[in-house]
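Asks: The following block contains the structure, expressed as structure tokens.
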Amino acid sequence: MKLYDSPTAPSPRRVRIFLAEKGVTIPTVQVDLRAGEQFTPSFRALNPQCTVPVLELDSGAAVTDIIAICRYIEELHPEPVLMGRTPEQRALIDCWVRRIEWDGISAIAEAFRNSTPGLEQRALPGPLPLAQIPALAERGRLRAAHYFEWLDAQLADHAFVCGPEFTVADISALVTVDFARRAKLDPPDHLRHLKRWYGEVASRPSAKA
Ligand SMILES: N[C@@H](CCC(=O)N[C@@H](CS)C(=O)NCC(=O)O)C(=O)O
6 MKLYDSPTAP
16 SPRRVRIFLA
26 EKGVTIPTVQ
36 VDLRAGEQFT
46 PSFRALNPQC
56 TVPVLELDSG
66 AAVTDIIAIC
76 RYIEELHPEP
86 VLMGRTPEQR
96 ALIDCWVRRI
106 EWDGISAIAE
116 AFRNSTPGLE
126 QRALPGPLPL
136 AQIPALAERG
146 RLRAAHYFEW
156 LDAQLADHAF
166 VCGPEFTVAD
176 ISALVTVDFA
186 RRAKLDPPDH
196 LRHLKRWYGE
206 VASRPSAKA
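In this note's numbering, the protein residues as written are 6 to 214.
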């Protein structure tokens, strides 16, 4: 088994944090996104979407989605449980992760990728060269601001995103805050529940991954 990783990108960091929480180590291959290594013929053969992370299994199969990788690891290493103990918890965690990805990660990426110099033809990850649209950067900023308000409201009466236990939803949300900081979209200080939660999850040793 091999994990294709990249130190600068938010997506593989979600898997690294997940592995750190599990105490699992997997041999990694570094993919230099800035040098365009995701477009080499060998990487494209592994993942035609040209994205990281990818978990290459011993069978040769490539798992190319963060949550699918996490699910696979959770099944191999059930403890500590990060994806829910009961059918209800698992369903709710899935809902939250999808909302975090859609309302959070995709909003921040929309703002970041449509405004960052050097990504002019890279407005979306993947093999297609797509031009930046400045109006989408603006829309992404607005969406990200709403996302943080919504996350703050959820954390007002939940210790963690999905309730009393730290889960993969917290990992995903933690990465949105750090990604937002990089895109200069820091959540405002008055979102005190978000701030309390962030202080806790960011100080876990796994957050360094
Ligand atoms: N399908 C993937 C998408 C992951 C993704 O978008 N990865 C980004 C890094 S955060 C990437 O590989 N980008 C390559 C590029 O920008 O060319 C997932 O697991 O959600």
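Positions of the beta carbon are idealized from the N, C-alpha and C atoms, including for glycine.
#1: Kindly indicate the opening and closing residues of the alpha helix (DSSP H) around E26.
#2: Report whether the distance from the Cβ of P46 to the nearest heavy atom of ligand 1 is below 8 Å.
#3: Whole-angstrom Cβ separation of G145 and I113, contact assumed at under 8 Å?
#4: Could you tell me whether the Cβ atoms of P130 and R118 are closer together than 9 Å?
#5: Helix, strand or coil, according to DSSP, for D37 in the structure here?
#6: Report the three-state DSSP secondary structure of L135 (helix, strand or coil).
#7: What number of angstroms, rounded off, separates the C-alpha of C75 from the C-alpha of E61?
#8: Can you round the beta-carbon distance between G109 and I98 to whole angstroms, since I take them to be within the 8 Å contact cut?
#9: Pick from R49, V166, S211: whose alpha carbon is nearest that of W101?
#10: What number of angstroms, rounded off, separates the C-alpha of L51 from the C-alpha of D10?
#11: Kindly indicate which three-state DSSP category K189 falls into: helix, strand or coil?
Replies: Based on what the coordinates show:
#1: 15–27
#2: no
#3: Yes, they are in contact, since the Cβ atoms of G145 and I113 sit about 7 Å apart, within 8 Å.
#4: Taking 9 Å as the Cβ cut-off, P130 and R118 qualify as a contacting pair.
#5: In the structure shown, D37 sits in coil (DSSP, three-state: anything other than H, G, I, E or B).
#6: strand
#7: Straight-line Cα distance between these residues: approximately 13 Å.
#8: That pair is no contact at about 15 Å.
#9: V166
#10: Whole-angstrom Cα-Cα distance: 13 Å.
#11: For K189, the three-state secondary structure derived from DSSP is coil.
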